[in-house]
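Chemist: Below is a structure I'd like to ask you about.
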Amino acid sequence: MPSPALLKQLAKKHGTPLFVVDHDVLRRNFAEFRKGLPRVQPYYAVKANPDTAIVRTLFEAGASFDVASMPEFRIAYENIRKMPPKPRQHWIWDKIIYANPIKDNDTLRQLNPYKPLVTYDNLEEIRKVRKYAPHAGLMLRLNVPNTGSVVELSSKFGASAGEAVDLIAAAFKAGLVVEGVSFHVGSQCANFQNFVQALAIADGVMKEARSRGYAPVKILDIGGGFPAPYDRHVRPFGELAAVLNAEFDRLFPPDMEILAEPGRFLVATAATLVVEIIGKSRRDGKLCLFINDGVYGTLSGVLFDHCQYHLKAFRKGPTEICSVFGPTCDALDVVSVAEDLPTNLKLGDLLYSENVGAYTTASATHFNGMPLARIVALNR
Ligand SMILES: *Cc1c(COP(=O)(O)O)cnc(C)c1O
């Protein structure tokens, strides 16, 4: 995190709410991921934070991208199109995977000329892809256990192991090519066994597909879910990496292509939010602080990401447990009902919240006419 003095100085210069992104932290997180999982190419999941400067820094560090809409595709492609052209037929696969299993017809039509790699998990999608994006390569998204992950995805996406090979066969029958399989263990996955079980499921499906003659099924995409160190209960990335590397070496030949789609792990710790106290009251004896950003804005992860953000004060002094509310007129706009903050905080004082890089600005709205936080880049 930037020093408190620097945060205050930046807030004075740019105003609040202010979203401070430290690009050195992005590079460090990316390097840690690469070092921990040397067999894996990371495709940054743009949905975690689509800020163009973040995408550019990760691109320059060597990242590829997981996108889920045409606007996200364009944010990634803007960097990729500047690369020296590669004559290879499917060069774009090295840099972009379109990992939304459900795509509308128009999106498929727009994707088709790029000969993209796209995920699917059902028969209707095979029909759509054949009709509107016949040049796409396919990755079958598998349903895997999400037990103990903070954000669960298994209820919405993924073919079961039982139907997987039939879905692969159906795609080949339709004249398409399935290049591999993918899964997602759920976001902020604290239960590393999810990965172990998912790898076993994926390995079984790939082996069965190949034994039934579908030789192209070779790429494994292990998705996202790599946990950010929000608190001391999160076990370090190195531990997860050791588990994964052992499974890779046990299950897969050394030349197998493995990719991952880390979102949160790369960006969460790279941003800090600075807000201002704009109101203060006591309700039934409890101190209530009103700040100029909230759950409809940068702290939207309270609602959408099941995330609890903690606020810290620059001012020192005896503390008490208070409520912190966002600036809108809606009573849902509650940032926290239990923050330990100084009693002597005054209107105009600043607070800050660390590790807010993922699923924050990405889902912020203008609800009630409130402006979005300004984004500043450090060490860009
Ligand atoms: C959201 C998402 C990711 C990123 O997940 P994290 O938990 O942030 O790493 C990766 N892949 C897909 C398909 C996603 O939907």
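Under this note's numbering, residue 671 is the last one in the sequence shown; the count climbs by one each step, no gaps.
Every residue, glycine too, gets a C-beta built ideally from N, C-alpha and C.
Kindly list the residues whose CB is nearer than 8 angstroms to the CB of residue 595, restricted to its own chain and excluding five residues on each side of it in sequence; keep chain order.
Modeler: For residue 595, where only same-chain residues beyond five positions count, the Cβ hits under 8 angstroms are 650, 654.
Chemist: Evaluate contact between the stretch 341-352 and the stretch 364-372, counting only Cβ atoms and requiring at least three cross-stretch pairs below 8 angstroms.
Modeler: The stretch 341-352, when compared against the stretch 364-372, does touch it at the 8 angstroms Cβ threshold.
Chemist: Spatial neighbours of residue 348 within its chain, please: C-beta separation below 6 angstroms, excluding the five flanking residues on both sides.
Modeler: Correct list, in chain order: 314, 317.
Chemist: Less than 7 angstroms separating the Cβ of residue 412 from some heavy atom of ligand 1?
Modeler: Flag unset: Cβ of residue 412 not near ligand 1.
Chemist: Could you tell me how far apart the beta carbons of residue 412 and residue 449 are, in whole angstroms, since I believe they sit closer than 8 angstroms?
Modeler: Yes, they are in contact, since the Cβ atoms of residue 412 and residue 449 sit about 6 angstroms apart, within 8 angstroms.
Chemist: Could you compute how far the alpha carbon of residue 708 sits from the alpha carbon of residue 377?
Modeler: The question about residue 708 has no answer, for the chain in this structure spans 292 to 671.
Chemist: Between which two residues does the alpha helix (DSSP H) harbouring residue 486 extend?
Modeler: Here the alpha helix (DSSP H) through residue 486 covers 484-502.
Chemist: Please determine whether the Cβ atom of residue 363 lies at a distance below 7 angstroms from any heavy atom of ligand 3.
Modeler: Ligand 3 is not part of the structure shown, which contains ligand 1 as its ligands.
Chemist: Determine the burial state of residue 524: buried for a count of at least 16 other Cβ atoms within 10 Å of its Cβ, exposed for fewer.
Modeler: Burial call: exposed.
Chemist: Is it the case that the CB of residue 617 approaches a heavy atom of ligand 1 more closely than 7 angstroms?
Modeler: Every heavy atom of ligand 1 is 7 angstroms or more from the Cβ of residue 617, so no.
Chemist: Can you find a C-beta in chain C that's less than 8 angstroms from the C-beta of residue 510?
Modeler: No chain C is present in this structure, which holds just one protein chain.
Chemist: To the nearest angstrom, how far is it from the Cα of residue 488 to the Cα of residue 534?
Modeler: Their backbone Cα atoms lie some 12 angstroms apart in a straight line.
Chemist: CB-CB under 7 angstroms to residue 493, same chain, minus the five flanking residues each way: which ones, in chain order?
Modeler: Taken in chain order, the residues that qualify are 433, 472, 474, 511.
Chemist: Within the same chain, show all residues whose beta-carbon is closer than 6 angstroms to that of residue 551, passing over the 5 residues directly before and after it, in chain order.
Modeler: Closer than 6 angstroms at Cβ, skipping near neighbours: 331, 333, 513.
Chemist: Rank 658, 624, 326 by C-alpha distance to the C-alpha of residue 580 and give the top, closest one.
Modeler: It is 624.
Chemist: On the DSSP letters alone, give me the boundaries of the alpha helix (DSSP H) that residue 605 sits inside.
Modeler: Counting along the chain, residue 605 falls outside any alpha helix (DSSP H), and DSSP gives it neither H nor E.
Chemist: What do you reckon, is the C-beta of residue 333 under 7 angstroms from a heavy atom of ligand 1?
Modeler: Residue 333 Cβ: outside cutoff for every heavy atom of ligand 1.
Chemist: Kindly identify the DSSP beta-bridge partner or partners of residue 577.
Modeler: According to DSSP, residue 577 bridges with 574.
Chemist: The alpha helix (DSSP H) with residue 414 in it runs from where to where?
Modeler: Residue 414 -> alpha helix (DSSP H) spans 414-423.
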